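Each remark here refers to the structure printed beneath this line.
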Amino acid sequence: MQYNTFGESDGWRSGHPVVVPLLNGKERNRTPSRKLLNLLHSVKVMVCDRCAKEPYFDKLCKVCFVGQIERRIRKDIRANAPVQKDDTLIITDPLCEAVMKGIIPGLPVTITHDDHHVENIGKRVLLWTLDDEIHHFLSRFLAGEEFPDLGHGKDIKLFLSLREKELEAFAQAKGFLYTPKPKDRLRERIDQFEAKHPETKFALGKSIEDIRKAMRAAENLPANETTLS
Ligand SMILES: [Zn+2]
4 MQYNTFGESD GWRSGHPVVV PLLNGKERNR TPSRKLLNLL HSVKVMVCDR
54 CAKEPYFDKL CKVCFVGQIE RRIRKDIRAN APVQKDDTLI ITDPLCEAVM
104 KGIIPGLPVT ITHDDHHVEN IGKRVLLWTL DDEIHHFLSR FLAGEEFPDL
154 GHGKDIKLFL SLREKELEAF AQAKGFLYTP KPKDRLRERI DQFEAKHPET
204 KFALGKSIED IRKAMRAAEN LPANETTLS
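Its first residue numbered 4, the sequence shown is counted upward by one per residue in this note's numbering.
Below is the structure:
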């Protein structure tokens with residue numbers, strides 16, 4: 004067995020959280036009991052919240068994290084931007100393409116990388132996060148513009164359910180390069196707020212969605228179409 008002990012761990016000595024590969028061989032494939040996980044957490048051993056492997060992001064190991072993120076994207080797209088048979092999808096980003104293909108396996112759609120000629124017949128699949136949505140909404144709102152995003156667009160904001168940090172970690176886990184968007188003052192302020200109050204971005208996203216739905220209802224527009232106009 005190759006169990007590390009606290010005394011031997013560099014992490015322990017340097018004051019960083021200790022990561023201990025606790026389960027080996029066959030044991031790794033078994034889901035540890037809640038009791039064991041609680042015990043590990045109580046002694047501040049950092050392990051995945053679901054399977055006790057080495058954590059990767061936000062208390063989850065790489066496999067559990069990627070699974071959680073993919074489920075969240077799938078659920079969001081099905082509910083808010085469904086893709087139908089024979090749709091033409093305009094996708095210019097490799098990560099978006101890989102994720103989209105994972106969401107709609109077997110569905111006969113046309114995927115094109117050329118966004119110049121087919122915009123009026125296709126749905127653009129955008130690398131668009133919750134951070135982008137909040138920034139887009141607030142910057143327009145603060146500039147005193149009319150309520151944005153009420154038009155008849157068909158864009159699919161693929162990562163609307165993810166915060167940028169989650170997308171960054173997800174892209175890395177999947178072997179894709181993702182460069183975060185440049186931070187202006189507004190993005191920095193939102194990040195600072197999120198650091199203090201961790202559910203800020205999800206709450207803002209929910210509020211924006213609620214406002215949009217209410218406005219769409221008032222204008223007699225369908226509830227789930229999105230646009231960047
Ligand atoms: Zn795990």
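The beta carbon of each residue, even a glycine, is placed where N, CA and C say it ideally should be.
Please read all numbers here as calculations on a predicted model, not as lab measurements.
Segment contact: the stretch 188-201 against the stretch 90-101, fewer than three CB-CB distances shorter than 8 Å; contact not assigned. Segment contact: the stretch 157-164 against the stretch 75-90, three or more CB-CB distances shorter than 8 Å; contact assigned.
Minimum Cα-Cα distance from D187 among the listed residues A101, I211, H200 and S142 corresponds to S142. For the beta strand (DSSP E) assignment, the uninterrupted runs of no fewer than 3 residues enclosed by the stretch 72-124 are, from N- to C-terminal side, 91-94 and 113-115. Shortest gap from the CB of R192 to any heavy atom of ligand 1: 6 Å or more. Here E148 is exposed. Its C-beta has fewer than 16 other C-beta atoms within 10 Å. Shown here, K65 sits in a helix according to DSSP, grouped into three states. The set of residues with CB atoms less than 6 Å from any heavy atom of ligand 1 reads, in chain order, C51, R53, C54, K56, L63, C64, V66 and C67. Rounded to the nearest whole angstrom, the CA to CA distance from L43 to K199 is 26 Å.
Counting only runs of 3+ residues, the beta strand (DSSP E) found wholly inside the stretch 153-225 occupies 159-162, in chain order. In the structure shown, K38 falls within a helical segment according to DSSP collapsed to helix, strand and coil.
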